[in-house]
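S.K.: Residue numbers (our numbering), protein chains in the order written: chain D, 358 to 544; chain U, 358 to 544; chain W, 358 to 544; chain F, 358 to 544.
This structure is in structure tokens; I'll ask about it shortly.
There are 4 protein chains.
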Amino acid sequence: MRSEAARVAILQATASQLAARGWDQLTIEGIAAAAKVGKPTIYRWWPSKSALIADALGEGVLPVMAAPADSGDLRADLIAWLDPTLRLADDHDATALTRYLIAAAAEDAAVGERLDAANPATRLLAERLSQAQSRGELAASAPIELIGDAIIGAFVLRVLRRATYAPGDAAALVDTVLAAHVAPGAR
Amino acid sequence: MRSEAARVAILQATASQLAARGWDQLTIEGIAAAAKVGKPTIYRWWPSKSALIADALGEGVLPVMAAPADSGDLRADLIAWLDPTLRLADDHDATALTRYLIAAAAEDAAVGERLDAANPATRLLAERLSQAQSRGELAASAPIELIGDAIIGAFVLRVLRRATYAPGDAAALVDTVLAAHVAPGAR
Amino acid sequence: MRSEAARVAILQATASQLAARGWDQLTIEGIAAAAKVGKPTIYRWWPSKSALIADALGEGVLPVMAAPADSGDLRADLIAWLDPTLRLADDHDATALTRYLIAAAAEDAAVGERLDAANPATRLLAERLSQAQSRGELAASAPIELIGDAIIGAFVLRVLRRATYAPGDAAALVDTVLAAHVAPGAR
Amino acid sequence: MRSEAARVAILQATASQLAARGWDQLTIEGIAAAAKVGKPTIYRWWPSKSALIADALGEGVLPVMAAPADSGDLRADLIAWLDPTLRLADDHDATALTRYLIAAAAEDAAVGERLDAANPATRLLAERLSQAQSRGELAASAPIELIGDAIIGAFVLRVLRRATYAPGDAAALVDTVLAAHVAPGAR
DNA sequence: GATTAATCGAGACGGTACGTCCAGTCTTGGA
DNA sequence: TCCAAGACTGGACGTACCGTCTCGATTAATC
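Right, dumping it as structure tokens:
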């Protein structure tokens with residue numbers, strides 16, 4: 358019978374080890390030791406490091422990004438949400454976990470899909486956009502998913518590039534991607 | 358005196374091993390064997406796997422993406438350039454190298470920077486956009502770099518997500534990102 | 358729980374590799390391969406090559422020298438035992454293992470002690486001498502250990518020097534060392 | 358033309374490195390560095406570590422044992438010479454070089470022969486014995502070489518065994534080996 | 001006294017083995 | 001009965017030396 362306590366301990370250990378040491382340095386042995394569990398217990402239930410991370414993502418053990426606020430002004434909300442995020446990307450330690458997850462996603466399809474499904478950023482952004490759409494703030498024809506991809510993709514790229522932050526970046530990005538779809542009378 | 362033959366053989370072996378086995382499975386030992394070189398020769402000159410890849414990128418040993426054509430119609434050119442790329446992203450084998458490079462970039466800052474600098478996609482796209490700008494096809498105020506980030510970032514995200522291709526994706530993405538900046542009379 | 362099979366295989370591989378290749382050429386890697394064992398298994402239980410040899414000596418895996426016969430005539434028995442041994446010392450291949458063990462003993466105290474304790478030559482010679490002593494063939498005051506050291510030491514020296522054998526050497530050595538201690542009426 | 362300065366520096370470095378680190382840890386690279394000489398300069402003139410040591414022995418760069426005194430009383434002289442030597446053998450650091458040379462001799466025939474030829478102990482002991490013989494202190498029939506082998510062999514064995522010193526050992530050994538050959542009226 | 005050939009130092013090369021870490025499998029003993 | 005603990009085979013790690021090889025720089029002997 359599978360021990361729930363062990364399962365949780367393992368996923369939490371996975372998360373903390375990933376945050377602390379990175380994808381490459383993440384070892385099953387280390388996770389087992391941190392979770393006070395035998396290695397075979399891990400191998401019994403998960404086939405690989407990636408599967409562990411995919412599961413840890415699903416479990417919400419890995420940290421979470423806040424949702425954009427909903428003040429009624431989509432543009433302002435998105436900028437307010439994006440700006441500190443881009444600023445944070447300057448700090449390579451703060452984005453370390455992001456990068457580790459990107460690496461994991463690049464290596465393993467399951468992590469990629471799970472990361473996408475579990476990632477609050479993607480989901481919450483989509484929700485905010487579709488809210489705006491239902492209110493008429495955004496054109497009905499606006500391709501919500503693509504807009505999300507463009508914004509988050511640009512963020513990912515900046516993280517990978519270790520880009521430096523400049524004030525106005527967030528506004529420029531939001532405007533670039535959003536401008537074409539703002540409903541005529543919305544402003 | 359450093360042996361140029363060894364240097365080239367090592368970088369080429371790095372590229373071919375990376376393409377064949379992926380970032381995680383990439384071993385210095387394997388590279389050394391493939392390059393018919395002693396391990397210490399590699400360690401003498403490169404501190405890590407990442408440094409090898411960064412160098413291989415600089416050397417142009419890793420494959421290259423074509424430039425968008427310049428027919429005079431920016432939108433059409435970008436779509437023609439982007440569409441097959443997105444379609445290709447359906448094929449997980451074809452994008453494997455892309456994903457390996459993303460993983461490497463996520464793990465190592467040097468690779469990230471080099472990948473950005475050496476990546477023809479980023480550069481060529483920027484050139485095409487700035488050409489369009491100088492012709493008045495694109496608004497003078499258009500943030501070329503951000504537009505590039507949004508497009509390529511969306512592509513990266515789809516590769517990570519193993520998204521499936523749908524006809525029209527390329528056009529939608531280009532329109533989303535570009536629409537706000539097309540010069541008034543340009544269409 | 359330690360694997361007995363692995364332990365024995367490793368000690369036997371050590372012995373055969375030592376005999377075949379010598380102390381200097383003895384590699385842990387080679388032993389591991391010959392014993393079909395992982396290197397870490399060796400390092401888990403033995404800190405060094407020397408410790409392996411010391412253990413192999415204790416296990417009796419390394420070859421053994423016959424005891425001197427006991428015909429009642431000490432001098433004749435010792436000569437009969439020593440003569441073929443000295444003759445053999447002419448053959449550098451036959452004494453190779455002896456030399457390897459000397460080298461190992463010189464490098465490592467544990468091997469030295471174990472070699473002394475496990476070496477049947479020392480022990481059997483001492484037993485034969487003390488038998489002779491209890492029978493009155495040898496003076497009660499005879500320093501058995503020193504006599505043993507002198508005989509075996511001379512042998513070791515000849516092996517190191519790659520001395521050539523001459524008939525009568527054995528008798529001369531036995532007489533030199535023993536004469537002073539033969540009990541007056543024993544002959 | 359061969360550089361004499363380099364030759365001497367190399368042999369001295371060999372000697373000091375051997376004394377300092379032992380036979381096993383003796384590296385050509387270390388010798389070259391200590392002698393401020395390129396490795397090929399060593400390989401040009403000596404085929405192996407052993408050859409270096411054999412040469413260093415011939416050069417007298419390696420330390421030397423004193424001759425037994427000649428007071429006219431052979432037994433007393435030998436004991437006086439042997440006793441401090443055996444006592445010294447208790448100190449494992451002091452005998453380290455002896456053991457290293459034994460190891461080298463065991464591994465390499467050339468060193469064995471050279472060690473024997475160059476070793477003052479063997480030679481000086483033989484000289485002292487033959488002096489005693491010519492004076493009639495020792496029987497004309499005494500096998501000088503064997504007596505030497507027995508004494509020095511016993512010493513070597515004690516060094517290998519890391520035996521502890523007991524007062525009287527020297528006297529007992531000398532008596533054991535010598536008693537049979539002291540000329541009747543000599544005492 | 002200049003030229004030329006040998007030898008020098010330095011150190012990179014292809015390799016082998018080192019001793020370590022971790023992977024993933026298997027076995028055992030205690031809960 | 002299940003699981004922690006941990007030993008097992010195996011393979012890659014990054015390092016130390018091996019013995020060989022090119023390099024220029026420096027001598028030493030010949031011309």
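Just so it is clear, CB atoms sit at the ideal spot from N, CA and C, and this is done for glycine as well.
Assuming ALA453 (chain W) and GLY379 (chain W) form a contact by the criterion Cβ under 8 Å, report the distance between their Cβ atoms to the nearest whole angstrom.
M.R.: As a first step, residue 453 (chain W) is located in the third sequence; it is residue number 96 there, counting from the start. As a first step, residue 379 (chain W) is located in the third sequence; it is residue number 22 there, counting from the start. With 8 Å as the limit, ALA453 (chain W) and GLY379 (chain W) qualify as a contact, their Cβ atoms being about 7 Å apart.
S.K.: In this structure, how does DSSP classify VAL534 (chain F) when only helix, strand and coil are distinguished?
M.R.: Translated into positions along the fourth sequence, residue 534 (chain F) becomes position 177. Here VAL534 (chain F) sits in helix by DSSP.
S.K.: With a threshold of 8 Å between beta carbons, is ARG456 (chain F) in contact with chain W?
M.R.: Sequence index remark: in the fourth sequence, residue 456 (chain F) carries index 99 (1-based). Chain W, which has a Cβ nearer than 8 Å to the Cβ of ARG456 (chain F), makes this yes.
S.K.: Helix, strand or coil for LEU383 (chain F) per DSSP?
M.R.: Here residue 383 (chain F) is taken as the residue at index 26 of the fourth sequence, counted from 1. In the structure shown, LEU383 (chain F) sits in coil (DSSP, three-state: anything other than H, G, I, E or B).
S.K.: By Cβ distance, which residues of its chain are closer than 7 Å to ILE436 (chain F), with the 5 residues on each side in sequence left out?
M.R.: Position 79 of the fourth sequence holds residue 436 (chain F). Closer than 7 Å at the Cβ level, and outside the excluded window around ILE436 (chain F), lie ALA527, ALA528 and VAL531.
S.K.: For the segment 485-506 of chain W, enumerate the residues whose C-beta is nearer than 7 Å to any C-beta of chain F, in chain order.
M.R.: Those residues of the segment 485-506 of chain W that come within reach of chain F (Cβ to Cβ, closer than 7 Å) are PRO500, LEU503, ILE504 and ASP506.
S.K.: Could you pull out every residue in the same chain whose Cβ sits closer than 8 Å to the Cβ of ASP427 (chain W), ignoring the five residues on either side in sequence?
M.R.: If you number the third sequence from 1, residue 427 (chain W) lands on position 70. Taken in chain order, the residues that qualify are ASP434, ARG485 and GLN488.
S.K.: Measure how close the beta-carbons of GLN490 (chain U) and ALA497 (chain U) come, nearest whole angstrom, since I'm counting them as under 8 Å.
M.R.: Taking the second sequence and counting its residues from 1, the one referred to as residue 490 (chain U) is at position 133. Taking the second sequence and counting its residues from 1, the one referred to as residue 497 (chain U) is at position 140. Confirmed, Cβ separation roughly 6 Å.
S.K.: Find out if the Cβ-Cβ distance for the pair THR533 (chain D), ILE504 (chain U) is shorter than 8 Å.
M.R.: Counting from 1 along the first sequence, the entry for residue 533 (chain D) is found at position 176. Counting from 1 along the second sequence, the entry for residue 504 (chain U) is found at position 147. Result yes, Cβ atoms of THR533 (chain D) and ILE504 (chain U) sit closer than 8 Å.
S.K.: Along the segment 374-391 of chain U, what residues have a CB closer than 8 Å to any CB found in chain D?
M.R.: Listed by position, the residues of the segment 374-391 of chain U near chain D (Cβ gap below 8 Å) are GLY379, TRP380 and ASP381.
S.K.: Quick one: grab the DSSP three-state call for LEU454 (chain D).
M.R.: Here residue 454 (chain D) refers to the residue found at position 97 of the first sequence. LEU454 (chain D): helix per DSSP, three-state reduction.
S.K.: Does the beta carbon of ASP434 (chain U) come closer than 8 Å to any beta carbon on chain D?
M.R.: Taking the first residue of the second sequence as position 1, residue 434 (chain U) is located at position 77. Not an interface residue.
S.K.: With DSSP run on the structure shown, which of helix, strand or coil describes LEU472 (chain U)?
M.R.: Within the second sequence, the letter at position 115 stands for residue 472 (chain U). In this structure, LEU472 (chain U) counts as helix in the three-state DSSP scheme.
S.K.: To the nearest angstrom, how far is it from the Cα of ARG359 (chain W) to the Cα of ALA451 (chain W)?
M.R.: Within the third sequence, residue 359 (chain W) is the residue found at index 2, counting from 1. Within the third sequence, residue 451 (chain W) is the residue found at index 94, counting from 1. Taking the straight line from one Cα to the other gives about 35 Å.
S.K.: In three-state DSSP terms, what is VAL394 (chain D)?
M.R.: Position 37 of the first sequence, counted from the start, is the residue given in the question as residue 394 (chain D). Coil.
S.K.: Does the Cβ-Cβ distance between ASP473 (chain U) and ALA511 (chain D) come in under 8 Å?
M.R.: The residue you call residue 473 (chain U) lines up with position 116 of the second sequence. The residue you call residue 511 (chain D) lines up with position 154 of the first sequence. No. Outside cutoff.
S.K.: Is it buried or exposed, ARG544 (chain U), if we count other Cβ atoms within 10 angstroms and call 16 or more buried?
M.R.: Along the second sequence, read from residue 1 onward, the residue named residue 544 (chain U) stands at position 187. Residue confidence for ARG544 (chain U) is low, a pLDDT of 43 falling below 50, so the modelled location carries little weight; the figure read from the coordinates is stated next. Burial call: exposed.
S.K.: Among all the DSSP beta bridges, which residues are the ones paired with LEU495 (chain F)?
M.R.: Sequence index remark: in the fourth sequence, residue 495 (chain F) carries index 138 (1-based). DSSP, once it has assigned bridges, lists F:VAL539 as partnering LEU495 (chain F).
S.K.: Please look up how many angstroms separate the CB atoms of GLU464 (chain W) and SER373 (chain W), rounded, as I've assumed it's under 8 Å.
M.R.: Position 107 of the third sequence, counted from the start, is the residue given in the question as residue 464 (chain W). Position 16 of the third sequence, counted from the start, is the residue given in the question as residue 373 (chain W). With 8 Å as the limit, GLU464 (chain W) and SER373 (chain W) do not qualify as a contact, their Cβ atoms being about 20 Å apart.
S.K.: Since LYS440 (chain W) is in the alpha helix (DSSP H), which residue starts that stretch and which ends it?
M.R.: Reading the third sequence from its first residue, position 83 is the one you call residue 440 (chain W). The identity of residue 440 (chain W) in the sequence shown is Asp, whereas the question assumes Lys. First-last of the alpha helix (DSSP H) with ASP440 (chain W): 431-445.
S.K.: Do LEU445 (chain W) and VAL513 (chain F) have their CB atoms nearer than 8 Å?
M.R.: One-based indexing of the third sequence puts residue 445 (chain W) at position 88. One-based indexing of the fourth sequence puts residue 513 (chain F) at position 156. Against a cut-off of 8 Å, the Cβ pair of VAL513 (chain F) and LEU445 (chain W) comes out as no contact.
S.K.: Just verifying my parser: in three-state terms, what is the DSSP assignment at VAL365 (chain D)?
M.R.: Here residue 365 (chain D) is taken as the residue at index 8 of the first sequence, counted from 1. VAL365 (chain D): helix per DSSP, three-state reduction.
S.K.: Determine, for LEU481 (chain U), whether the minimum Cβ-Cβ distance to residues of chain D falls below 8 Å.
M.R.: Mapped onto the second sequence, residue 481 (chain U) falls at position 124. Taking Cβ atoms only, chain D never reaches closer than 8 Å to LEU481 (chain U), which makes this a no.
S.K.: Could you check the C-alpha separation between ALA537 (chain F) and GLY493 (chain F) for me, to the nearest Å?
M.R.: Within the fourth sequence, residue 537 (chain F) is the residue found at index 180, counting from 1. Within the fourth sequence, residue 493 (chain F) is the residue found at index 136, counting from 1. ALA537 (chain F) and GLY493 (chain F): Cα-Cα distance of roughly 14 Å.
S.K.: Can you tell which of D:GLY387, D:LEU517, D:GLU502 and D:TYR522 has the C-alpha that lies nearest to the C-alpha of LEU535 (chain D)?
M.R.: Taking the first sequence and counting its residues from 1, the one referred to as residue 535 (chain D) is at position 178. The shortest C-alpha separation from LEU535 (chain D) is found at D:GLU502.
S.K.: Counting only the same chain and skipping the five closest in sequence on each side, list residues whose C-beta sits under 6 Å from that of GLY417 (chain W).
M.R.: Within the third sequence, numbered from 1, the residue matching residue 417 (chain W) stands at position 60. So no residue of the chain qualifies.
S.K.: Would you call ARG471 (chain F) buried or exposed, if buried means 16 or more other Cβ atoms sit within 10 Å of its Cβ?
M.R.: Counting from 1 along the fourth sequence, the entry for residue 471 (chain F) is found at position 114. Looking at its Cβ environment, which holds 16 or more other Cβ atoms inside 10 Å, ARG471 (chain F) is buried.
S.K.: Would you please state the rounded distance, in angstroms, between the beta carbons of ALA413 (chain U) and LEU368 (chain U)? I believe it to be under 8 Å.
M.R.: Counted from its first residue, the second sequence places residue 413 (chain U) at position 56. Counted from its first residue, the second sequence places residue 368 (chain U) at position 11. That pair is a contact at about 5 Å.
S.K.: Please confirm whether ALA540 (chain U) has its beta-carbon closer than 8 Å to some beta-carbon of chain D.
M.R.: Within the second sequence, numbered from 1, the residue matching residue 540 (chain U) stands at position 183. It does not: the Cβ of ALA540 (chain U) has no partner Cβ on chain D nearer than 8 Å.
S.K.: Below 9 Å between beta carbons is the criterion; list the residues of the segment 513-529 of chain D that meet it against any residue of chain U, in chain order.
M.R.: So the list reads VAL513, LEU514, ARG515, VAL516, LEU517, ARG518, ARG519, ALA520, ASP526 and ALA529, given in the order they occur along the chain.
S.K.: Rounding to the nearest angstrom, what Cα-Cα distance links ILE385 (chain W) and PRO420 (chain W) in this structure?
M.R.: For the purposes of this step, residue 385 (chain W) is identified with residue 28 of the third sequence, where counting begins at 1. For the purposes of this step, residue 420 (chain W) is identified with residue 63 of the third sequence, where counting begins at 1. Roughly 21 Å between the two C-alpha positions.
S.K.: Would you decide whether PRO425 (chain F) is buried or exposed? Buried here means 16 or more other CB atoms lie within 10 Å of its CB.
M.R.: Here residue 425 (chain F) refers to the residue found at position 68 of the fourth sequence. That one is buried.
S.K.: Express the C-alpha separation of ASP381 (chain F) and LYS393 (chain F) in angstroms, rounding to a whole number.
M.R.: In the fourth sequence, residue 393 (chain F) corresponds to position 36, counting from 1. In the fourth sequence, residue 381 (chain F) corresponds to position 24, counting from 1. About 21 Å.
S.K.: My guess is that LEU517 (chain W) and ALA462 (chain F) are in contact by the Cβ rule of under 8 Å, so how many angstroms apart are they, rounded?
M.R.: Here residue 517 (chain W) refers to the residue found at position 160 of the third sequence. Here residue 462 (chain F) refers to the residue found at position 105 of the fourth sequence. LEU517 (chain W) to ALA462 (chain F), Cβ: 5 Å. Contact.
S.K.: Note down the Cα distance separating ASN476 (chain U) from TRP438 (chain U), rounded to an integer number of angstroms.
M.R.: Position 119 of the second sequence, counted from the first residue, corresponds to residue 476 (chain U). Position 81 of the second sequence, counted from the first residue, corresponds to residue 438 (chain U). Rounded to the nearest angstrom, the two C-alpha atoms are 15 Å apart.
S.K.: Is it true that the CB of GLY469 (chain F) sits closer than 8 Å to the CB of ARG519 (chain W)?
M.R.: In the third sequence, residue 519 (chain W) corresponds to position 162, counting from 1. In the fourth sequence, residue 469 (chain F) corresponds to position 112, counting from 1. Cβ atoms of ARG519 (chain W) and GLY469 (chain F): closer than 8 Å.
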